[in-house]
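*Asks:*
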């Protein structure tokens, strides 16, 4: 017995014949079964009573309209399955619900027929039994669906279509209804859902969301006027999620009509150095045609190409590119807008800060949350204006509702709906979207009205939880809309949110590969029309709000998050540049794949180091080291819980790594140009509180992320004189300098295995153990093994011996971990403590190394000179050699080649004078 959809129609031609046996019609009400039926059928249409001629015309046209309806049904693939004097029924296959509903809705809304003479219809679904054929398009059948559909048609009013409440399309919400209709057919009480004949399908309702307009900014005129800052100034917009901060930035870009503009926003997981800047410049370049594109100097064109390719350049050069792109033209100044600045990567913000300090006339407007602190790179710039966006006033909220609905809603209804949500623009828009998609509001023609009288009235009866109260105001409406979204569309949105909310179609399709989701191209029209996404550029999709992104990510079941992040790590690694591997590393860490996370972060760190992005390289190296440490501790355990948050390392970790080997010597012209650019960058770095020594190169590997290592730029290395000792260019020389004074070891003097000596005597004194631990700690420092060094220092601390060494080593470990302030505090206290000259020299040199790593070259020079004096006072030749070596490197790193050669000769003399 096949399942079929049955559509039954009841005509009205004979209803007004008083002498007919059909003159008694159903009475609608609970007591209908116990009292006689009235002769006149109820009608919800205000029409004049039928006269005899009208009734005759209706009776004569009944058969004509029924035959026309039969032809239309056959054209839609239906088969006539039953008929009687007043009813006839058609059956459809279960997949043809739209055709069945269309047939019934067209008959019910036939404008050529008087409302009281239209067909009434009923629709039900179930198994039918085949009886026999009576023609090409006629197959007599009988079953429960036929009985239900005929009964619904008999109690329906003319022009109504009643649906069986058990109809699968009703249960799934695919069909839109206008409420419940009750009637009596003989002794049966009948209930049916009234079909919305004007908008019967949910997809038609969803399409009405596309009619929402993008009105001009409402209620923010005063804020816009205050943000018109002069050239060279910084303005700050503080707004909670959904308050319209992003829209305010776009409106400002339109009103101020700058010579050029750029909108900087977070990219991906916000771990890629220069990620936000790269995306902003790429889109600005695509928007500017050949006539309006700024003419960059020839020397900056390669830098722009490297930024757009995701390779990066040094911050000063990037700032020059940004300032040149937004340079004044035709008496107009450039404007830079930064959205969600708290999530923008630190390297991009540093470039913006440098560009503002250049005095090029660039204006910047930065949007933050109400309680977000100003990002560290921008703290040195005094804002010219600060604007806080609060909720809209009641009249402004009401006006926004009317404008969103294109003026198709009356004042009373607009006031009622504006009071249903917090007076924030995003919350109001999402509320209207949810009302349209759920069917609470019906938009037909130029009229927007509630689908039911109760829609839009009252407040939610359920008490909101603390988490719901803390969530953005629009999140509840977004959650309601997501529940109505098809699974495939929701999967696409979840993939886009996982990639940061702004990604290419190719990346989204790659991430959804294997999930069964459709391709972006097949559903983009529906997503764009419903306002879920928009296209910031061809081939890219971006979520309409960050609140939507956060809601989508929060809705992912905890058990599925690891799979999403693991796939995202692969996709980002395939589609991003080399610096973009930082985002891939973050996703891998979230998925618990710490080996891949460490490898990806180390590769991104090397690229950041090559681009002279010292802070970013140090941050990535610290992240890689953290992942390696966690992996070592969990080799035999299950992966991390996907619900736990991995380290974010938002605060840059100041660690100086190994300098890369030079590719070759530079010409005098290239060296002079590089010297001038580096000097300017160093000057800007000192003004903004750089954590690196002037001219330092922070490139390096994870093993080289050791506190206390002096920087050695590759161009300086190539420029050293021929008589410079070979060990001055050794990447581990600084560790040797420090350990020479800590444990009495120099490179080449380290024993093969200090622990092997313990086998010579079954009993060791505490002093012997401390000596062995100090030797091992010195070797760990030379090798850059921070984990081993930290464990050894802990053991040494428990012995109670060599307290001064423990403090100095703890300071170096803190510096390697990125705790710069704590490291300098520890080492300063150790350097100021009373001690014999030899130990004082060691403490002073360790403090000097830390100061150099923290970018304080002057302080490092003074401490090193003091350490040299104390070493000579104690007649400590090893200490004197270590101090001289450090001073040689410090002089070379700051551009004083003659002083570097002098200190190198001092180091050689001190080494030659050591007793054999």
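Numbering (my numbering), first residue to last: 41 to 956. Every residue gets a Cβ at the ideal spot worked out from N, C-alpha and C, and that includes glycine.
Should residue 132 go down as buried or exposed, given a rule of 16 or more other Cβ atoms within 10 Å for buried?
*Replies:* Buried.
*Asks:* Can you find a heavy atom of the ligand GTP that lies under 7 angstroms from the Cβ of residue 360?
*Replies:* As presented, the structure is devoid of all ligands, the ligand GTP included, so that no description of it is given.
*Asks:* With DSSP run on the structure shown, which of helix, strand or coil describes residue 877?
*Replies:* Correct three-state label for residue 877: helix.
*Asks:* Do you know offhand how far residue 679's Cα is from residue 170's?
*Replies:* Caution applies to residue 679, whose pLDDT of 43 falls short of 50 and renders its modelled position unreliable; the model cannot decide the point.
*Asks:* Hey, is the segment 648-655 in contact with the segment 631-640, meaning 3+ C-beta pairs nearer than 8 angstroms?
*Replies:* The answer is no - the segment 631-640 does not touch the segment 648-655, with fewer than three Cβ pairs under 8 angstroms.
*Asks:* Counting only beta-carbon atoms, is residue 925 nearer than 8 angstroms to chain E?
*Replies:* No chain E is present in this structure, which holds just one protein chain.
*Asks:* According to DSSP, is residue 542 part of a helix, a strand, or is it coil?
*Replies:* Strand.
*Asks:* State the Cα-Cα distance for the pair residue 639 and residue 387, rounded to the nearest angstrom.
*Replies:* Roughly 21 angstroms separates the two Cα atoms.
*Asks:* Would you call the CB atoms of residue 581 and residue 560 closer than 8 angstroms?
*Replies:* Contact flag set, yes.
*Asks:* Quick one: is residue 693 buried, meaning 16 or more other Cβ sit within 10 Å of its Cβ, or exposed?
*Replies:* With a pLDDT of only 28 at residue 693, under 50, the local geometry of the prediction cannot be trusted, and the value read off the model is given with reservation. Burial call: buried.
*Asks:* Out of curiosity, what's the CA-to-CA distance linking residue 488 and residue 458?
*Replies:* Approximately 14 angstroms between the Cα atoms of the pair.
*Asks:* Just reading off the alpha helix (DSSP H) that residue 349 is part of, what are its end residues?
*Replies:* Neither: residue 349 is in no alpha helix (DSSP H) and is coded neither H nor E.
*Asks:* Starting from residue 226 and walking both ways along the beta strand (DSSP E), at which residues does that stretch end?
*Replies:* Note, residue 226: premise wrong, no beta strand (DSSP E); not H, not E.
*Asks:* Would you mind giving the Cβ-Cβ distance between residue 31 and residue 434, rounded to the nearest angstrom? I have them listed as a contact below 8 angstroms.
*Replies:* Because residue 31 is not part of the residues shown, which for the chain are 41 to 956, the question remains open.
*Asks:* Should residue 404 and residue 568 be called a contact, given that it needs their Cβ atoms to be closer than 8 angstroms?
*Replies:* No, the pair does not count as a contact, with Cβ atoms beyond the cut-off.
*Asks:* Kindly give me the distance between the Cβ atoms of residue 279 and residue 272, rounded to whole angstroms, as I take these residues to be in contact under 8 angstroms.
*Replies:* Not really, about 24 angstroms apart at Cβ, beyond 8 angstroms.
*Asks:* Suppose the cutoff is 6 angstroms on Cβ atoms and the five residues either side in sequence are ignored; what does the same chain contact list for residue 370 look like?
*Replies:* Contacts found: none.
*Asks:* Which partner residues of residue 141 appear in the DSSP bridge assignment?
*Replies:* Its beta-bridge partners do not exist; DSSP assigns none.
*Asks:* Leaving out five residues before and five after residue 412 in sequence, what residues of the same chain have Cβ atoms less than 7 angstroms from its Cβ?
*Replies:* Excluding residues within five positions, the ones whose Cβ falls inside 7 angstroms are 382.
*Asks:* Looking at C-beta atoms only, is the number of pairs between the segment 587-603 and the segment 621-628 that lie closer than 8 angstroms three or more?
*Replies:* Verdict: no, contact absent.
*Asks:* Does the structure place the segment 533-540 close enough to the segment 478-492 that three or more beta carbon pairs sit under 8 angstroms?
*Replies:* No contact exists between the segment 478-492 and the segment 533-540.
*Asks:* Tell me the DSSP bridge mates of residue 531?
*Replies:* According to DSSP, which records beta bridges pairwise, residue 531 is partnered with nothing at all.
*Asks:* Comparing C-alpha positions only, which one of 112, 897, 104, 423 sits nearest to residue 144?
*Replies:* For the residues 112, 897, 104, 423, the minimum Cα distance to residue 144 belongs to 112.
*Asks:* What residue range does the beta strand (DSSP E) around residue 201 cover?
*Replies:* Element bounds for residue 201: 201-203.
*Asks:* Mind reading off the beta-carbon distance from residue 547 to residue 615? Whole number of angstroms is fine, and I expect it under 8 angstroms.
*Replies:* Between residue 615 and residue 547 the Cβ distance is about 5 angstroms, and since that is below 8 angstroms, they are a contact.
*Asks:* Can the beta-carbon of residue 491 be found less than 8 angstroms from the beta-carbon of residue 236?
*Replies:* Contact: yes.
*Asks:* Out of 390, 380, 637, 320, which one is the CA nearest neighbour of residue 365?
*Replies:* Minimum Cα distance to residue 365 is reached at 320.
*Asks:* Would you check if the segment 897-911 and the segment 876-887 touch, i.e. whether three or more CB-CB distances between them fall below 8 angstroms?
*Replies:* Yes, the segment 876-887 touches the segment 897-911.
*Asks:* I'd like to check one pair, residue 440 with residue 432: are the Cβ atoms closer than 8 angstroms?
*Replies:* Cβ distance < 8 angstroms, so residue 432 and residue 440 count as in contact.
*Asks:* Return the CA-CA distance between residue 593 and residue 107, expressed in angstroms with no decimal places.
*Replies:* About 55 angstroms.
*Asks:* Identify which residue in 358, 460, 253, 550 has its Cα closest to the Cα of residue 396.
*Replies:* It is 358.
*Asks:* Hey, residue 886 and residue 867: beta-carbon distance below 8 angstroms or not?
*Replies:* Against a cut-off of 8 angstroms, the Cβ pair of residue 867 and residue 886 comes out as a contact.
*Asks:* Go through its chain and collect everything with a Cβ distance to residue 520's Cβ below 6 angstroms, but skip five positions before and after it.
*Replies:* Excluding residues within five positions, the ones whose Cβ falls inside 6 angstroms are 474.
*Asks:* Is residue 253 near residue 446, with beta carbons less than 8 angstroms apart?
*Replies:* Against a cut-off of 8 angstroms, the Cβ pair of residue 446 and residue 253 comes out as a contact.
*Asks:* Residues in the same chain with beta-carbon distance under 7 angstroms from residue 477, minus the five sequence neighbours each way, listed in chain order, please.
*Replies:* Excluding residues within five positions, the ones whose Cβ falls inside 7 angstroms are 245, 246, 249, 521, 524.
*Asks:* Using 10 angstroms around the beta-carbon of residue 349, count the other beta-carbons present and answer buried if the total reaches 16, otherwise exposed.
*Replies:* Residue 349 should be labelled exposed.
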